[in-house]
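This report concerns only the one structure given below.
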Amino acid sequence: KNVLDAVDSTQANFLLIVGDVFDNERVSDECLQFFISQISRTNIPIIILPGNHDLMHSKSVYKRSVFSDSPKNLYIFKNPEGEEIQFTAYGISFWGKAMQEHSPEFQPMTNISFKNTDYWKVALAHGQFEDEKINSGRSSLIFPNHIAESGCDYVALGHWDSFTNVSQKNIPAYYSGCPTKLSNQKTGMVSIITMDPSDGVSHTRFALKS
């Protein structure tokens with residue numbers, strides 16, 4: 211609810227949710243119906259990339275009946291190989307891979323491809339950012355070169371609760387922070403990204419009302 215309130219107050223054009231909307235696929239239908247009711251409050255496109263807590267597998271929460279007649283402004287990435295969602299009126303494209311399994315084999319930012327390179331290009335990726343030299347073997351890894359070589363205008367990241375700037379070269383990339391209040395914060399936080407043909411891409415942290 212607080213996030214949708216912020217969407218209204220800031221007159222945002224899009225809302226990106228980069229994974230872990232839900233903790234697991236066992237959430238109640240009532241919880242899902244409340245989520246859908248909040249999505250229905252606005253007409254702007256709301257784009258969801260499934261994460262490691264709300265995977266896009268056979269028992270995915272997004273395959274529950276409540277989503278069979280979801281609002282027309284709700285877009286959910288479903289392809290584990292990656293897919294693009296275009297909005298011609300805004301001249302912008304969003305790309306993301308739906309996570310089926312949180313494993314070392316899954317890399318959220320490989321094989322990025324955009325059909326129209328004249329559009330603003332935004333990638334959504336849910337995973338663990340680290341230097342490739344660490345060789346941790348962790349799941350869903352995002353390496354610096356994945357961002358640097360993506361060709362994106364912005365990379366929206368999810369998985370870490372804390373706001374973190376992991377921009378590479380001239381490509382801005384952020385873990386946006388958590389809309390739920392963390393122990394070291396007074397309120398939940400989100401990120402606002404502004405894309406301007408003259409001024410480029412800028413980032414602002416935004417505190418949600420309690």
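Each residue of the sequence shown is one higher than the one before, counting from 211 in the numbering used here. Positions of the beta carbon are idealized from the N, C-alpha and C atoms, including for glycine.
Partner residues in the beta bridge of F304, as assigned by DSSP, are I295, V332. Secondary-structure assignment with DSSP links A417 through a beta bridge to M399. The C-beta distance from V411 to Y364 rounds to 5 angstroms, short enough to fall under 8 angstroms. Non-local beta-carbon contacts of P389 in its own chain, meaning distances under 8 angstroms to residues more than five positions away in sequence, involve N212, V213, G398, M399, V400, L418 in chain order.
Per DSSP, the continuous alpha helix (DSSP H) segment holding L242 begins and ends at 239-249. By the neighbour-count criterion, in which a residue is buried when 16 or more other Cβ atoms sit within 10 angstroms of its Cβ, A299 is exposed.
Note that the C-beta distance between I352 and A335 is below 8 angstroms. Counting along the chain, A358 sits inside the alpha helix (DSSP H) bounded by residues 354-358. Across the set P290, P255, T252, M319, the C-alpha of P290 shows the shortest separation from the C-alpha of L265. Cα atoms of F416 and K269: separation of roughly 34 angstroms, rounded to the nearest angstrom.
Inclusion of G301 and L259 in the CB contact set at 8 angstroms is not warranted, their separation being larger than that value.
Under the three-state reduction of DSSP, A222 is assigned to coil, being neither helix nor strand.
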